[in-house]
Amino acid sequence: SEGDRSLDSAADNVFNVPSTLPVLSPFLTVVPLQLFAFFVAKLLGCDIDQPRNLAKSVTVE
Numbered sequence: 001s002e003g004d005r006s007l008d009s010a011a012d013n014v015f016n017v018p019s020t021l022p023v024l025s026p027f028l029t030v031v032p033l034q035l036f037a038f039f040v041a042k043l044l045g046c047d048i049d050q051p052r053n054l055a056k057s058v059t060v061e
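Numbering follows our numbering, in which position 8 of the sequence shown is assigned residue number 8; successive positions increment by one, without gaps.
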């Protein structure tokens with residue numbers, strides 16, 4: 001969370017998320033986690049625009 005600098009020396013990049021109520025925490029953490037997943041996939045050379053096993057349509061019975 002914001003203000004916690006314990007990982008700054010162990011990592012090159014750190015996403016700081018503001019402290020808030022536990023019920024609001026998912027809304028504040030989803031964007032940094034999506035950015036993290038995006039950049040990791042890009043570094044690994046994955047096709048970001050066309051991921052594997054993504055269905056083009058969903059059928060509901």
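The beta carbon of each residue, even a glycine, is placed where N, CA and C say it ideally should be.
- Query: Candidates Phe38, Glu61, Ser19, Thr59: which alpha carbon is nearest Gln50's?
  - Reply: Phe38
- Message: Checking 8 Å against the spacing of the C-beta atoms, do Ile62 and Ala41 come in under that value?
- Response: With the chain covering only 1 through 61, there is no way to say anything about residue 62.
- Item | Same chain, Cβ closer than 6 Å to Thr29, neighbours up to 5 away in sequence not counted | Val17
- Span of the alpha helix (DSSP H) holding Gln34? 25-43
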